[in-house]
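See below for the structure under consideration.
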Amino acid sequence: MDSIIVKGGKELKGQIHIAGAKNAALTLMPATLLSEEPLTLTNAPRLSDIKTMTALLQSLGTEVTSMQDGKVIALSSHNLTTTKADYEIVRKMRASNLVLGPLLAREGNAIVSLPGGCAIGARPMDIHTSALELMGAEIELKDGYLHAVAPGGLKGNVVPLRFASVGATENILMAATLAKGTTVIENAAREPEIVDLAKCLKAMGAQIEGEGTSRIEIQGVDRLGAATHAVVTDRIELGTYMLAPVIAGGEVECLGGKMELVKSFVEKLDACGVDVTETANGLLVKNRNGRHTATDVITQPFPGFPTDLQAQMMAMLCTADGTSVLEETIFENRFMHAPELIRMGADIEVHGGSATVRGVDRLKGAPVMATDLRASVSLILAGLAAEGETRVNRVYHLDRGYEHVEQKLGAVGAMIERVQGE
Ligand code: EPZ
């Protein structure tokens, strides 16, 4: 297993290109299952999760061709060979559950392994299944697999979500495009990745209104056609790299960054004394007067503060002037980066879903362990300004969601290298 070594103390200067969104690509790719015509995705990120989704779709019979070093993905689901998504692939990546809605809509049946829990929480699928049942699906759990059938096809209905689940909204949105009649999703997730999915589905011929709001209305159609779609910029990668110059000092321009993707995050940075300026090519970030100060954070569904930036924000607050309180309301166990940051000298107290961070002058480099995708990158961010060397182990977590992190940070002056695992 590879490790990444960061030596702290260098201010950063330069530009970082922000890639296409992992969490958009992982729902856009299964959309191919809704049509017999080709779907081409451009601006795709080069990540191991994309490879996992590719393998899953290929196991169902989809032809997937990756071009231009992975930035373009051509998919064709003309002939599906099975509707069973196998545990061996699904257990590696929860987003595999996004084939459930499309398979059910296209084939009238689907057998999808329950993803199982992961480091950050139990992550059940009750919101997905109860919504699909309202559309006429019959779903039974057998041997760890969801066995779903839709005798006579899915039917449009009013589908209220008890929580604005991103994945459930995506599964229902995709399924509803081919259902008979009108579907209304109430309390729908509003993330930009949902808006991007709707844009792609409409390019394929779907009839959708209200994406980006809590109420999405879909008129089912008989079939969907071909489309080419550019994946939206990754707002989580964007927010992650915006924090690098705040922690390490200096000034970094995040190319492709757009203010509307990170509005609540930028409001928090402003409260911490950070200047974010829109340029012709992206967002320019630097500390207003050398230091950053504490602030409180509560994670919420979009447009609130994103849970996927909570770990990275905590890394920044570890060396802020003052005391911050972070509340994680989306996942039940998403503070695993805290013990690792404490090993670097951070002053953090975790009580259930809340963490109190008292800023210290400087962290000290240490060997630390990556536990999940966003925790991994928060440790690298912390290492940028820590005294001495920080060695982040098990960086396979990182490679799931960040393309070439050592190259992107190295290009703006960070002392960072990847060492091959033993
Ligand atoms: C998506 O996961 C993202 N993944 C996550 O990003 C992100 O953290 C999350 O949305 C919240 O924004 C992808 O898009 C591939 P949810 P998803 O359904 O869809 C509970 C990353 O780091 N819940 O909105 O699984 C669930 O347990 C990843 O890139 C149910 O109880 O998130 C969680 O506590 C991590 N029942 C909360 O809702 C359900 O049926 C949010 O889950 C579904 C969800």
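The numbers in my numbering rise by one with no breaks, and the one at position 222 of the sequence shown is 222.
Don't be surprised by glycine CBs; every beta carbon is placed ideally from N, CA and C.
Predicted model, so just to flag it, every value in this text is computed and none were measured.
Any non-hydrogen atom of the ligand EPZ within 7 Å of residue i CB
{"i": "Ala189", "result": "yes"}
{"i": "Glu193", "result": "yes"}
{"i": "Arg106", "result": "no"}
{"i": "Thr307", "result": "yes"}
{"i": "Ala95", "result": "yes"}
{"i": "Pro124", "result": "yes"}
{"i": "Ala168", "result": "yes"}
{"i": "Phe335", "result": "no"}
{"i": "Gly239", "result": "no"}
{"i": "Arg46", "result": "no"}
{"i": "Lys22", "result": "yes"}
{"i": "Phe265", "result": "no"}
{"i": "Leu373", "result": "yes"}
{"i": "Leu141", "result": "no"}
{"i": "Leu33", "result": "no"}
{"i": "Leu379", "result": "no"}
{"i": "Gly401", "result": "yes"}
{"i": "Ile127", "result": "yes"}
For residue j and residue i, believed in contact at Cβ under 8 Å, the rounded distance
{"i": "Met174", "j": "Pro102", "result": "5 Å"}
{"i": "Thr62", "j": "Leu75", "result": "6 Å"}
{"i": "Asn97", "j": "His128", "result": "7 Å"}
{"i": "Leu100", "j": "Leu146", "result": "7 Å"}
{"i": "Val159", "j": "Glu186", "result": "7 Å"}
{"i": "Leu373", "j": "Ala414", "result": "About 19 Å; that fails the 8 Å criterion."}
CA nearest to the CA of residue i, picked from the options
{"i": "Ala21", "options": "Asp196, Thr293 and Ala248", "result": "Asp196"}
{"i": "Ser41", "options": "Glu417, Thr233 and Arg288", "result": "Residue identity differs from the one stated: residue 41 is Leu in this sequence, not Ser. Cα-wise, what sits closest to Leu41 is Thr233."}
{"i": "Leu309", "options": "Asp296, Thr240, Thr293 and Glu251", "result": "Thr240"}
{"i": "Asn23", "options": "Gly410, Pro192 and Ile185", "result": "Pro192"}
{"i": "Gln300", "options": "Asn287, His292, Asp270 and Ser264", "result": "Ser264"}
{"i": "Glu327", "options": "Ala315, Asn333, Ile298 and Arg394", "result": "Ile298"}
{"i": "Ala188", "options": "Gln207, Met204, Ala203 and Arg162", "result": "Arg162"}
{"i": "Val166", "options": "Met344, Gly14 and Ile194", "result": "Ile194"}
{"i": "Ile73", "options": "Val360, Tyr87, Met53 and Met259", "result": "Met53"}
{"i": "Gly108", "options": "Asp49, Arg91, Leu34 and Ile120", "result": "Leu34"}
{"i": "Arg106", "options": "Thr307, Ile172, Arg94 and Gln68", "result": "Ile172"}
{"i": "Thr329", "options": "Val184, Pro245 and Ala355", "result": "Ala355"}
{"i": "Met93", "options": "Ala385, Ile416 and Gly401", "result": "Gly401"}
{"i": "Gly121", "options": "Gly365, Thr371 and Val274", "result": "Thr371"}
{"i": "Asp69", "options": "Gly152, Leu47 and Glu88", "result": "Leu47"}
{"i": "Ser378", "options": "Arg418, Leu269, Glu237 and Ile18", "result": "Glu237"}
{"i": "Val437", "options": "Lys268, Arg190 and Ile216", "result": "Residue 437 is absent from the model: the chain starts at 1 and stops at 422."}
{"i": "Asp126", "options": "Lys155, Ala168 and Gly290", "result": "Ala168"}
Alpha carbon of residue i to alpha carbon of residue j, nearest angstrom
{"i": "Leu134", "j": "Leu178", "result": "15 Å"}
{"i": "Ala164", "j": "Thr319", "result": "33 Å"}
{"i": "Leu243", "j": "Met313", "result": "7 Å"}
{"i": "Thr277", "j": "Val285", "result": "7 Å"}
{"i": "Asn157", "j": "Ile218", "result": "10 Å"}
{"i": "Cys200", "j": "Pro303", "result": "21 Å"}
{"i": "Gly144", "j": "Pro115", "result": "9 Å"}
{"i": "Pro367", "j": "Asp2", "result": "13 Å"}
{"i": "Pro38", "j": "Phe305", "result": "36 Å"}
{"i": "Val395", "j": "Ala150", "result": "41 Å"}
{"i": "Ser59", "j": "Glu138", "result": "24 Å"}
{"i": "Thr293", "j": "Leu317", "result": "8 Å"}
{"i": "Ala271", "j": "Thr295", "result": "7 Å"}
{"i": "Leu12", "j": "Asn287", "result": "12 Å"}
{"i": "Val274", "j": "Val266", "result": "9 Å"}
{"i": "Ala369", "j": "Ala315", "result": "It is Met, not Ala, that sits at residue 369 in the sequence shown. Distance between the alpha carbons of Met369 and Ala315 is about 14 Å."}
{"i": "Lys258", "j": "Cys118", "result": "31 Å"}
{"i": "Ile50", "j": "Ala230", "result": "15 Å"}
{"i": "Gly14", "j": "Val252", "result": "5 Å"}
{"i": "Asn43", "j": "Ala411", "result": "21 Å"}
{"i": "Lys71", "j": "Val64", "result": "13 Å"}
{"i": "Ala19", "j": "Gly290", "result": "28 Å"}
Under 8 Å between C-beta atoms of residue i and residue j
{"i": "Val350", "j": "Phe335", "result": "yes"}
{"i": "Gly282", "j": "Leu255", "result": "yes"}
{"i": "Ile4", "j": "Ile380", "result": "yes"}
{"i": "Lys10", "j": "Glu389", "result": "no"}
{"i": "Ala203", "j": "Ala227", "result": "yes"}
{"i": "Val112", "j": "Ala85", "result": "yes"}
{"i": "Pro45", "j": "Glu406", "result": "no"}
{"i": "Gly205", "j": "Gly225", "result": "yes"}
{"i": "Ser376", "j": "Leu409", "result": "no"}
{"i": "Arg362", "j": "Glu340", "result": "no"}
{"i": "Ala338", "j": "Val360", "result": "no"}
{"i": "Gly445", "j": "Met344", "result": "There is simply no residue 445 to check, as the chain begins at 1 and stops at 422 in what is shown."}
{"i": "Thr81", "j": "Leu57", "result": "no"}
{"i": "Gly212", "j": "Lys180", "result": "no"}
Residue i at chain D interface by Cβ criterion, 8 Å
{"i": "Lys286", "result": "Here chain D cannot be found, since the structure has a single protein chain."}
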